[in-house]
Amino acid sequence: EAGVAQSPRYKIIEKRQSVAFWCNPISGHATLYWYQQILGQGPKLLIQFQNNGVVDDSQLPKDRFSAERLKGVDSTLKIQPAKLEDSAVYLCASSYRVTSYNEQFFGPGTRLTVL
Amino acid sequence: LAKTTQPISMDSYEGQEVNITCSHNNIATNDYITWYQQFPSQGPRFIIQGYKTKVTNEVASLFIPADRKSSTLSLPRVSLSDTAVYYCLVGASTSGSARQLTFGSGTQLTVLP
Numbered sequence: 001e002a003g004v005a006q007s008p009r010y011k012i013i014e015k016r017q018s019v020a021f022w023c024n025p026i027s028g029h030a031t032l033y034w035y036q037q038i039l040g041q042g043p044k045l046l047i048q049f050q051n052n053g054v055v056d057d058s059q060l061p062k063d064r065f066s067a068e069r070l071k072g073v074d075s076t077l078k079i080q081p082a083k084l085e086d087s088a089v090y091l092c093a094s095s096y097r098v099t100s101y102n103e104q105f106f107g108p109g110t111r112l113t114v115l
Numbered sequence: 116l117a118k119t120t121q122p123i124s125m126d127s128y129e130g131q132e133v134n135i136t137c138s139h140n141n142i143a144t145n146d147y148i149t150w151y152q153q154f155p156s157q158g159p160r161f162i163i164q165g166y167k168t169k170v171t172n173e174v175a176s177l178f179i180p181a182d183r184k185s186s187t188l189s190l191p192r193v194s195l196s197d198t199a200v201y202y203c204l205v206g207a208s209t210s211g212s213a214r215q216l217t218f219g220s221g222t223q224l225t226v227l228p
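Following this line, the structure appears as structure tokens:
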């Protein structure tokens with residue numbers, strides 16, 4: 001079965017520019033997660049979708065970050081404008097359901113460097 | 116948010132058993148404990164999950180005491196390819212079906228020949 005796809009794999013931008021990341025979850029997985037992983041730290045959940053609805057976005061910096069999953073399948077995470085501290089790997093994951101006993105399958109991530 | 120604490124790093128030799136403990140004092144009553152493995156430049160990969168007592172699969176065991184305030188991942192007979200960062204993941208309950216998920220800071224396991 002195909003895994004979670006993410007693109008691009010790498011992105012370098014200057015501060016105050018905008019950037020968007022794309023994620024396609026495993027087919028049939030209703031729940032999609034976006035995480036931010038700063039070098040040397042564990043992943044930090046930014047937003048969690050169940051189908052096309054938001055389950056949790058309590059840690060998403062909403063003044064600059066936005067995410068959507070319009071058709072309940074693939075998703076886009078946007079940063080506008082980017083700051084130096086946004087340099088990180090952005091991981092997308094999916095699971096069959098939102099209930100806790102479902103394992104999450106992670107994509108390879110997008111490494112963002114903000115100069 | 117659920118708060119978790121793990122050792123920053125551990126060293127072991129090939130063939131030994133390794134135990135990594137995560138403390139999670141405010142885990143939600145109904146939440147499971149999940150452990151992931153992460154190699155450089157890859158996303159985390161699921162290892163094992165449990166709610167209480169002991170769970171074993173083909174790669175690891177997970178021990179959870181009755182108070183569920185900690186958990187221990189046990190890797191039997193590690194090999195060089197087990198060198199990776201290991202994370203525990205727990206959730207704090209919120210309204211409805213949402214969980215505020217929190218990864219630990221990770222434990223870098225280095226297996227030496």
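Heads up: the protein sequence lines correspond to chains F and R, in order. Numbered per my numbering, the first sequence spans residues 1 to 115. Numbered per my numbering, the second sequence spans residues 116 to 228. Every residue gets a Cβ at the ideal spot worked out from N, C-alpha and C, and that includes glycine. Since the structure is predicted, the reported quantities are computational estimates derived from the model, not experimental observations.
Segment limits, beta strand (DSSP E) that includes residue i
i, result
"L32/F", "31–37"
"Q6/F", "5–7"
"Q153/R", "148–153"
"L227/R", "222–227"
"D56/F", "53–56"
"G165/R", "160–165"
"T99/F", "Premise fails: T99/F is in no beta strand (DSSP E) and is neither H nor E."
"Q121/R", "Careful: Q121/R lies outside any beta strand (DSSP E) and carries neither H nor E."
"K62/F", "It is not in any beta strand (DSSP E) - K62/F carries neither H nor E in the DSSP assignment."
"T63/R", "Outside the shown range of chain R, which is 116 to 228, sits residue 63/R, and nothing can be said about it."
"A88/F", "88–95"
"A20/F", "19–24"
Under 8 Å from the C-beta of residue i: neighbouring residues of chain R
i, result
"E103/F", "T149, F161, Q164"
Within chain B, the residues that residue i reaches when beta carbons sit closer than 9 Å
i, result
"P108/F", "No chain B is part of this structure, whose protein chains are labelled F and R."
Any C-beta of chain F under 8 Å from that of residue i
i, result
"F218/R", "yes"
"Q215/R", "yes"
Residue i, buried or exposed, once every other Cβ within 10 Å from all chains shown has been counted against 16
i, result
"Q37/F", "buried"
"R69/F", "buried"
"Y10/F", "exposed"
"P43/F", "buried"
"A93/F", "buried"
"I179/R", "buried"
Per-residue contacts from residue i into chain F (C-beta, under 8 Å)
i, result
"G221/R", "Q41, G42"
"Y202/R", "G42, P43"
9 Å Cβ cut-off: residues of chain R touching residue i
i, result
"L112/F", "Neighbours of L112/F on chain R: none; closest Cβ ~14 Å, over 9 Å."
Partners in chain R for residue i, counting only beta-carbon separations shorter than 7 Å
i, result
"S58/F", "Q215"
Any chain R beta carbon closer than 8 Å to residue i
i, result
"L123/F", "The structure shown does not extend to residue 123/F, since chain F is modelled only from 1 through 115, so no value can be given for it."
With three or more beta-carbon pairs closer than 8 Å as the criterion, would you say the segment 6–21 of chain F touches the segment 68–87 of chain F?
By the criterion of at least three beta-carbon pairs nearer than 8 Å, the segment 6–21 of chain F is in contact with the segment 68–87 of chain F.
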